[in-house]
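Quick note: the sequence shown uses the working numbering, first residue 88, plus one each step. Where is the CB? At the ideal position from N, CA and C, for every residue including glycine. Written out below as structure tokens is the structure these notes cover.
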Amino acid sequence: MAQQKIPDSVVVSMKSLIDLRLLAGNAIGSTRKKCQSQQAGNFVSPFRGRGMDFSEVRLYQPGDDIRSIDWRVTARTGKTHTKLYTEERERAVYFVVDTGPGMQFGTQVSFKSVVASKIAGLLAWSSMSHGDRVGGILFSGSEHKELKPLGGKRGVMSFLKSLVEWNYKSFQQTRVFKQSEFEDIVLRLKRIARPGSLIFIISDFSNFDENSQRYLSQISQHCDVVLIKVYDVLEKSAPPPGSYMLSDGVKSGKFIITGNEIRQKILSEFTQAETKLKKYCVKNGIHFFSVCSTDDLPKHLMKNMQRKSGLF
């Protein structure tokens, strides 16, 4: 029996991610500016730029930052020494992509997991064009995969290949959800992301709990963090009362809306959740914007990334 083909709207394809390369340059290639960045809300904050590599240790000189004192060498020699650093030639860009059960949903165009993967693809190509290394963490609700940042086209292609394979794996596995997974992912990110790294977290943030928020706020003190919330149009605005067919690409079922009360509740819950997330981002100097599954991704990213000029 021939294996049923899974639609590209349900599981992202390698071809669709490769095709994004030309669009990425036009969409976000013009945002690399040495200026300040408009973040979520109405405040302005500069991006930190690239990370720093340790270079050498020398004797302390007046004006040196006391935070750079090497206390081990100082204790061993009896004279105060300072660590010197040089700017990394290639910044590490991490894409944390959620393909869990909640992301495997969509009523128009494609699943949220596919949208998240395409966003990561667009930004990965743009990162490559600016000489940055691409890596990240892919997670599915119960497990994750870490991808070490690599440079050049080889690095992007390796990342995209892993992204496609992870999409298929997430779709085919039993829908299992680990309550603390978001927290575990952020904790792991805290350990592997060096100061100066650029981090994109692409998810619906439905399980972004207090512990996850606390750990991410610590990361944001040393790295540039961008949260991109992906949502389906049905999650913000339910259709009129009636019976609707839904499918996950393999199985189908009915979704029934009985009255306007449900529509109002859906809108209220969506608005409250997004407002709370925005406030968190403003408080912690984290960049934020949301993407609907029906948005034109290159245009939408260009619009939002230009507000964050200096990011690339």
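| Query | Result |
| --- | --- |
| Own chain, CB closer than 8 Å to W158, minus 5 neighbours either side, in chain order | none |
| Inter-residue spacing [alpha-carbon to alpha-carbon] between S257 and V144 | 47 Å |
| Assigned exposure category for E270 - 16 Cβ within 10 Å defines buried | buried |
| Where I93 falls: helix, strand or coil (DSSP) | coil |
| Which listed residue (E361, H168, S290 and R278) has its alpha carbon closest to that of K235 | R278 |
| Assigned exposure category for A162 - 16 Cβ within 10 Å defines buried | exposed |
| Cα-Cα separation between V98 and S227, rounded to whole angstroms | 13 Å |
| Cβ-Cβ separation, Y181 to I224 (assumed contact under 8 Å), whole Å | 7 Å |
| Where S339 falls, given that 16 or more other Cβ within 10 Å makes a residue buried | exposed |
| Buried or exposed (CB count within 10 angstroms, at least 16 for buried), S299 | buried |
| Buried versus exposed, by CB contacts within 10 Å (16 or more), L321 | buried |
| Boundaries of the alpha helix (DSSP H) in which A162 is found, first to last residue | W158 to T164 |
| Identity of the residue in D219, L247 and S249 nearest G239 by Cα | D219 |
| Three-way DSSP call (helix, strand, coil) for T381 in this model | coil |
| First through last residue of the beta strand (DSSP E) which encompasses V99 | From DSSP, V99 is part of no beta strand (DSSP E); its letter is neither H nor E. |
| Selection from K102, I315, Q305 and D311 that minimises the alpha carbon distance to N391 | I315 |
| Cβ shell of N129 (< 6 Å), same chain only, five flanking positions each side left out | With a pLDDT of 29 at N129, under the threshold of 50, the modelled position of this residue cannot be trusted, and the question is left open. |
| Any non-hydrogen atom of the ligand NAD within 7 Å of I105 CB | Of the ligands one can find in the structure shown there are none, so the ligand NAD has no counterpart to examine. |
| Supposed contact pair K248 and M389 - C-beta distance, whole angstroms, cut 8 Å | The Cβ separation is near 26 Å, so there is no contact. |
| Nearest-angstrom Cα separation, counted from I343 out to F246 | 39 Å |
| Helix, strand or coil at S132 according to DSSP, with G and I counted as helix | Residue placement at S132 cannot be trusted, given a pLDDT of 32 that sits under 50; what the coordinates show is reported in the next sentence. S132 falls in the strand class under three-state DSSP. |
| Residue(s) in a DSSP beta bridge with F375 | L314 |
| Test item: CB-CB of D319 and K199 under 8 Å | yes |
| Residues that DSSP places opposite A179 in a beta bridge | R220 |
| Per-residue DSSP class, three states only, for H387 | helix |
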